[in-house]
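Student: I'd like to ask you about the structure that follows.
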């Protein structure tokens, strides 16, 4: 059985509830960086992929991906990200 197709208004309502930035894992990471006195920027649109956290002096971009943080099993055929994996 197929699901009924959503209207544009229904899709917009669902998407408004989806947080694309300042998620709980991002906020935790930001607080750890602040506690340690590490300077960072957030959501740098001028970098490819718009990283969640940027440590400019160290030339490090951090992407806080839900699949990694939640241990998603990726049944859809995607592989779980590895540590320090370039994407």
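Numbering (the working numbering), first residue to last: 1 to 87.
Even glycine gets a Cβ: it sits at the ideal position worked out from N, Cα and C.
1. Determine the DSSP secondary structure at residue 42, reduced to helix, strand or coil.
2. Mapping DSSP to helix, strand and coil, what is residue 54?
3. If you run the structure through DSSP and keep just helix, strand and coil, what is residue 28?
4. Decide if residue 32 is buried, meaning its Cβ has at least 16 other Cβ atoms within 10 Å, or exposed.
5. Tell me the residue span of the beta strand (DSSP E) that contains residue 62.
6. With three or more C-beta pairs closer than 8 Å as the rule, is the segment 6-21 touching the segment 33-40?
Tutor: In short:
1. Sequence index remark: in the chain shown, residue 42 carries index 42 (1-based). Residue 42: strand per DSSP, three-state reduction.
2. By one-based count along the chain shown, residue 54 stands at place 54. Note: residue 54 maps to strand in three-state DSSP.
3. Sequence index remark: in the chain shown, residue 28 carries index 28 (1-based). In this structure, residue 28 counts as helix in the three-state DSSP scheme.
4. Here residue 32 refers to the residue found at position 32 of the chain shown. Residue 32 is exposed by the Cβ-count criterion.
5. In the chain shown, counting from the first residue as 1, residue 62 sits at position 62. Membership of residue 62 in the beta strand (DSSP E) is indicated by the continuous run 60-62.
6. Result no; under three Cβ-Cβ pairs closer than 8 Å.
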